[in-house]
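Peer 1: Numbering (the working numbering), first residue to last: -13 to 201. Think of the CB as a built atom: it goes at the ideal place given N, C-alpha and C, for glycine as much as any other residue. From a predicted model like this one, the values you see are computed outputs, not experimental measurements.
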């Protein structure tokens, strides 16, 4: 579905930019094999929820291609993810797991997409404005074209700007503050996880089991 997109000049320029970053000695995160993990983990026909993040964690060993998720061995967890787990506990009574790998959500139809799919190590937002946004906008448009209901979850101002791409009335958009420590006091109490499940059930779809298992 994205073949045509990858043939466009902007995408070739993006590819060249990433090659130049690596050639210049910069560490690009996540690892090349993990950049498209979100798309590989949740096939298009299974997408029921789209959770939109900004860009990958800039700490080496953290990001693995799923927004807000970290690799299973990462401790301590990023503060934003700690805040997500706190809201999960308060909203749907999930216990706090011993790891921050959110991969089990992808197997239930949650597409965990960042608007920018790479970052330079130790420099948050360093790959913004190089073409990823155009590519991920196309992904959002394709998901919005689905005839079955999709719940679009937009945390924070950057994600909420993508609301304009979702024009179909049968979808649900849940927009809240970002779980970052800078805005967490507005995120707490949003009860977005129970809202997602109510909207899925209303559409005759199975709810998400939000509990992340211990490892």
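#1: State the CB to CB distance for the pair residue 200 and residue 69, rounded to an integer number of angstroms; the pair is presumed to be in contact (CB under 8 angstroms).
#2: With distances taken between CB atoms, is the gap from residue -9 to residue 121 smaller than 8 angstroms?
#3: Taking the continuous beta strand (DSSP E) assigned at residue 160, which residues delimit it?
#4: Would you say residue 128 and residue 159 are within 8 angstroms of each other, going by their C-beta atoms?
#5: Have a look at residue 144 and residue 40 and give me their C-alpha separation to the nearest angstrom.
#6: Please report the distance separating the alpha-carbon of residue 146 from that of residue 10.
#7: Report all residues from its chain with a CB closer than 7 angstroms to the CB of residue 113; omit the five preceding and five following residues, and keep chain order.
#8: Using the DSSP secondary-structure output, state which residues sit across from residue 100 in a beta bridge.
#9: Kindly give me the distance between the Cβ atoms of residue 67 and residue 56, rounded to whole angstroms, as I take these residues to be in contact under 8 angstroms.
#10: Based on the DSSP output, what are the partners of residue 139 in its beta bridges?
#11: Give the single residue among 183, 185, 162 and 181 whose Cα lies nearest to the Cα of residue 174.
#12: Compare the C-beta of residue 141 against all C-beta atoms of chain C and say whether one is closer than 8 angstroms.
#13: Going by beta-carbon coordinates alone, are residue 116 and residue 0 separated by less than 8 angstroms?
#14: Tell me where the alpha helix (DSSP H) around residue 91 begins and ends.
#15: From the DSSP output, which residues share a beta bridge with residue 209?
#16: Less than 8 angstroms between the beta carbons of residue 30 and residue 98, yes or no?
#17: What three-state label does DSSP hand residue 49 in the structure shown?
#18: For the alpha helix (DSSP H) holding residue -9, just list the boundary residues, first then last.
#19: Using the C-alpha atoms, what's the distance from residue 43 back to residue 234?
#20: Cβ atoms of residue 194 and residue 182: under 8 angstroms apart, would you say?
#21: Using three-state DSSP, classify residue 133 as helix, strand or coil.
Peer 2: Concretely, from the data shown:
#1: Not quite, the Cβ-Cβ distance comes to about 19 angstroms (not below 8 angstroms), so this is no contact.
#2: Yes. Within cutoff.
#3: Where residue 160 is concerned, the enclosing beta strand (DSSP E) stretches over 158 to 162.
#4: Contact flag unset, no.
#5: Whole-angstrom Cα-Cα distance: 7 angstroms.
#6: If I take the Cα positions, the gap works out to 34 angstroms.
#7: Same-chain partners within the cutoff: 41, 102, 104, 105 and 106.
#8: In DSSP, residue 100 forms a bridge with 39.
#9: Yes, residue 67 and residue 56 are in contact; Cβ-Cβ is about 7 angstroms, under 8 angstroms.
#10: Partner(s): 37 and 160.
#11: When only C-alpha atoms are compared, the closest one is 162.
#12: Among the protein chains of the structure shown there is no chain C, as only one such chain exists.
#13: Yes, they are a contact pair.
#14: Counting along the chain, the alpha helix (DSSP H) containing residue 91 begins and ends at 89 to 92.
#15: No answer is possible for residue 209: the residues shown for the chain start at -13 and end at 201.
#16: Pairing residue 30 with residue 98 gives a Cβ-Cβ distance that is not under 8 angstroms.
#17: Looking at residue 49 - three-state DSSP - the assignment turns out to be coil, as it is neither helix nor strand.
#18: Segment -11 to -8, the alpha helix (DSSP H) holding residue -9.
#19: Any answer about residue 234 is impossible in this case: the structure gives the chain only from -13 up to 201.
#20: Yes. Within cutoff.
#21: Under the three-state reduction of DSSP output, residue 133 falls in the coil class, being neither helix nor strand.
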